[in-house]
Structures are given as structure tokens and as C-alpha cells.
Amino acid sequence: MRKVLNFLFILLIGFNFVKASEIEYKFGRGFSIDNRFYLGGYTSFQYEKRENGYYQYKIDDIAILGFYTFGKFKIFAELEAKDVYVKSKGEEEENNLKLHTERLYLEYAFSDYIKVRGGRFITPLGIWNQVHINALKWTTSNPATAEWFFPRFMTGLNLYGFFPFFDESIEYQLFIQKTKNIDSGYNNVKTDDFYGFQIKKFFGVNKYIGINGGRFYDIYFKETSTFGGIFGYLNIKKFYLFGEFYYAYENEEHHLTYDQSFDKKSYYIQGVYRVFPKNYFTLRKEYFRDYSDNGYLNVWTIGWNYKPLFNISLKGEYQIFKKRDNRFLASFAVLF
5 MRKVLNFLFI LLIGFNFVKA SEIEYKFGRG FSIDNRFYLG GYTSFQYEKR ENGYYQYKID
65 DIAILGFYTF GKFKIFAELE AKDVYVKSKG EEEENNLKLH TERLYLEYAF SDYIKVRGGR
125 FITPLGIWNQ VHINALKWTT SNPATAEWFF PRFMTGLNLY GFFPFFDESI EYQLFIQKTK
185 NIDSGYNNVK TDDFYGFQIK KFFGVNKYIG INGGRFYDIY FKETSTFGGI FGYLNIKKFY
245 LFGEFYYAYE NEEHHLTYDQ SFDKKSYYIQ GVYRVFPKNY FTLRKEYFRD YSDNGYLNVW
305 TIGWNYKPLF NISLKGEYQI FKKRDNRFLA SFAVLF
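Residue numbers (the working numbering): 5 to 340.
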């Protein structure tokens with residue numbers, strides 16, 4: 005309830021300061037007032053069927069988000085209920101309406117070169133981690149690089165922008181966390197000590213490459229992880245090609261059992277081709293190896309994404325695993 009009240013309080017602030025002269029609603033972009041205040045949401049439904057007979061279908065999420073801009077300031081808030089309804093083979097139905105604070109931050113833009121963000125936000129690293137709304141993803145499944153190398157969300161400070169003196173086609177990200185998370189249980193990694201960077205070079209609107217890295221302390225496993233990565237993106241007319249590679253070094257005692265200079269590594273490379281209007285074929289190769297606990301993943305993902313509108317996605321994919329059961333995934337997602 006407190007999260008709901010906090011969210012409503014932020015929205016009321018927006019309504020209080022905006023003297024509305026133009027109110028409109030656009031499907032996929034939400035309600036807007038004078039192009040300064042926005043309110044929208046999203047939801048998704050997901051189905052999974054494995055080769056061994058296991059199945060699951062669920063309402064994956066229901067979320068509401070809004071932001072308000074005034075001058076160079078921006079307030080952003082997002083609340084989400086995760087796994088709202090879940091039915092799995094051999095299990096009782098599960099219902100969950102608990103709201104989590106997905107994002108909650110205040111941002112100030114000094115210029116295009118210097119912007120400061122404080123609060124809880126998506127960790128500004130890589131490609132896949134930046135797109136957390138199902139309706140905007142190419143596939144329902146997420147690659148391991150977005151799950152097992154750094155916290156998806158962080159609570160702290162983020163300084164970012166374009167380099168003003170060197171090259172305005174180069175974007176930088178610097179971030180640091182030295183406090184407890186807002187809604188610490190709602191994250192893939194629990195941490196109160198996290199910092200890192202990212203440098204991205206653009207070669208036009210639809211081409212870029214980047215490097216990043218960071219270090220965080222995992223409260224649950226009581227270990228420190230240092231990671232680094234490289235990523236790239238290319239879009240030529242109907243074809244999209246992108247990928248990411250990460251490695252990580254964890255606690256020193258891991259290296260007593262093997263002679264690797266790092267503990268885990270992972271990559272994916274994904275191609276997307278627009279076969280005909282609103283229909284996209286997807287192919288992804290993904291690999292993950294964790295030497296510290298013998299974790300292993302080697303999978304091909306073959307998928308189809310039908311997007312009648314930019315904010316609606318109907319996806320189906322088949323994943324072919326090495327040393328695991330293959331599975332089929334499907335989802336329907338919409339951004340209101």
C-alpha cells in the first residue's frame with residue numbers, strides 16, 4: 005500500500021504543477037498533459053512447454069508508470085506486480101498482486117553532455133538489460149548476459165551524456181551505489197555496493213559498439229564480482245544484428261579448483277530479419293560457462309515476432325539446448 009501511495013503522491017505533484025491546456029491519450033504512449041506529464045502501463049501473458057512434459061502459463065506482469073518534466077528536471081516512477089497469476093504442471097494456482105518499485109528516480113539535465121540521475125533505475129549497461137518491457141523485446145526469453153553478470157536494477161547515482169570535447173558521437177555512463185536498494189528483494193542480485201562505467205561509440209543512428217565494466221558485492225552469496233563486457237548493434241534496412249560478450253572474476257578462493265583467469269563468461273549473437281511487414285524472424289546463439297559451480301548453457305533460439313503496432317508483440321520461439329530439455333515459449337504483450 006505504501007508503494008501505491010508513493011506513486012499516487014508523485015502523480016498528484018504532477019497534476020498540481022501542470023496547468024493542463026491539452027490532455028490526450030495515445031495507445032502505446034499513455035495519457036499526456038501538455039507533453040510534460042505522462043501516465044501509461046503494460047502487461048504480458050506467457051506460455052512455456054518443455055520437452056519433458058512440464059508446462060506453465062501466467063500473467064507475467066502488470067505495471068503502471070508515469071513521469072513529469074519541469075524545466076530541466078524529470079521525475080519518473082514505475083510500479084509492477086510480477087507473476088500475477090501462475091499455473092504450472094502439478095502445482096496449485098498462484099496469485100500475486102504485490103507491487104514492486106521497478107523504478108523511482110529524479111533526473112536533472114545540465115545539458116546533452118551532463119545529466120544526473122538519482123534513485124532506483126535500470127542499470128545502464130549493454131543492450132538487452134536496457135529493454136525490460138516484453139512488448140519491446142524481440143524474444144520472450146532473456147540471454148544469460150542479462151541475468152547473471154550484474155544487477156538489473158540499482159539504487160544510487162548515474163552521471164551520463166555525450167563527450168563535449170572529444171566526439172559527440174561517444175556516450176558515457178558512470179554510476180555508483182553505496183546504499184541499500186529501494187525494494188531490495190526485487191532484483192536478480194542483492195547489493196548495496198556497486199559501481200561501473202560504459203562507453204558507447206555511434207556510427208550513425210543504427211550502428212554502435214561499446215565496452216563496459218564494473219564491480220559489486222553480492223549480499224546473498226557474500227562475494228565480490230568484477231566484470232567486463234563488449235557489445236555491438238547494427239541495423240541495415242530489414243536486418244538487425246547485435247550481440248554482447250561478458251566475463252566475470254569473483255572471489256579468489258574459486259581459483260583453487262581450476263586455473264582459469266576468470267570465473268564465468270557468456271555471449272550471445274542475435275539476428276532479426278523483417279520477412280514481411282510487421283513480421284520478424286529471429287535467430288540467436290547463446291553460450292554461458294561458470295567455472296566456479298560448473299554452470300553451463302548452450303542454446304539456439306529460433307523465433308517469430310508479430311508486431312501489428314510498435315507497442316504490441318505476439319511472440320513464439322523454440323529453444324534447442326545442449327544437455328537440457330528443449331522448450332517452446334510464447335507470449336502476448338502490450339504497452340498501453
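Note that the Cβ used here is the ideal one computed from N, Cα and C, for glycine as well.
- Secondary structure of Leu245 (DSSP, three-state): strand.
- Along the length of the segment 103-142, whole beta strand (DSSP E) runs at least 3 residues long occupy 103-113 and 119-126, reported in chain order.
- Remark: C-beta atoms of Lys182 and Asp171 do not approach each other more closely than 9 Å.
- The alpha-carbon of Gly57 is positioned some 52 Å away from that of Asp116.
- Secondary-structure assignment with DSSP links Val338 through a beta bridge to Thr47 and Ile316.
- No Cβ-Cβ contact shorter than 9 Å links Asp65 with Asp38.
- Cβ neighbours of Tyr109 within its own chain (closer than 7 Å, five residues either side excluded): Phe80, Arg121, Gly122, Gly123, Arg124 and Phe125.
- By the beta-carbon neighbour count (other beta carbons within 10 angstroms, threshold 16), Pro281 is exposed.
- Between the C-alpha atoms of Lys326 and Val303 there is a straight-line separation of about 6 Å.
- For Gly233, the uninterrupted beta strand (DSSP E) run begins and ends at Glu227 to Ile240, by DSSP.
- Nearest to Leu140 by C-alpha distance, out of Leu318, Arg331, Leu333 and Gly307, is Leu318.
- Within the model, the alpha-carbon separation for Leu43 versus Ile137 is close to 15 Å.
- Cβ neighbours of Ala337 within its own chain (closer than 6 Å, five residues either side excluded): Ser48, Asn138, Ala139 and Ser317.
- Contact between Phe243 and Tyr253 does not hold, since the beta-carbon distance rounds to 35 Å and is not under 8 Å.
- Counting the other CB atoms within 10 Å of its CB gives Glu84 a total of 16 or more, which places it among the buried residues.
- Between Tyr199 and Gly214, the gap from beta carbon to beta carbon reaches 9 Å or more.
- Beyond the five residues adjoining it in sequence on each side, Ile174 comes within less than 6 Å, by CB distance, of Phe167 and Lys205 in the same chain, given in chain order.
- Secondary structure of Thr183 (DSSP, three-state): coil.
- Leaving aside the five residues that flank Arg278 on each side, the residues in its chain whose CB is nearer than 6 Å to its CB run, in chain order, Lys242 and Tyr284.
- Looking from the CA of Glu151, the closest CA among Tyr291, Phe332, Ile306 and Arg328 belongs to Tyr291.
- Per DSSP, reduced to three states, the secondary structure at Thr159 is strand.
- Pairing Phe74 with Ile68, the inter-Cα distance amounts to about 21 Å.
- Nearest neighbour of Glu52 by Cα position, chosen from Gln60, Tyr46 and Phe71, turns out to be Gln60.
- Secondary structure at Thr149: helix, using DSSP grouped into helix, strand and coil.
- In the structure shown, Tyr221 adopts extended strand secondary structure according to DSSP, grouped into three states.
- Linking Ala334 to Pro147 through their CA atoms gives a straight-line distance of about 16 Å.
- Secondary structure at Asp87: strand, using DSSP grouped into helix, strand and coil.
- Taking the Cβ atoms as the reference, Asn192 lies roughly 5 Å from Arg156, within the contact range of under 8 Å.
- Within its own chain, the residues whose Cβ lies closer than 7 Å to the Cβ of Ile131, once the five positions on either side in sequence are excluded, are Phe235, Tyr237, Phe246 and Glu248, listed in chain order.
- In its chain, beyond the 5 residues on either side, Thr105, Leu108, Gly123, Arg124 and Thr159 have a beta carbon closer than 8 Å to the beta carbon of Ile186.
- Rounded to the nearest whole angstrom, the CA to CA distance from Gly275 to Thr143 is 11 Å.
- In the structure shown, Asn210 falls within a coil segment according to DSSP collapsed to helix, strand and coil.
- Rounded to whole angstroms, the separation of the alpha carbons of Lys93 and Phe179 is 42 Å.
- Looking at the DSSP output, Ser92 shares a beta bridge with Gln60.
- Sequence-distant partners of Ile27 (beyond 5 residues in either direction) whose C-beta falls short of 6 Å from its own C-beta, in its chain, are Ile37.
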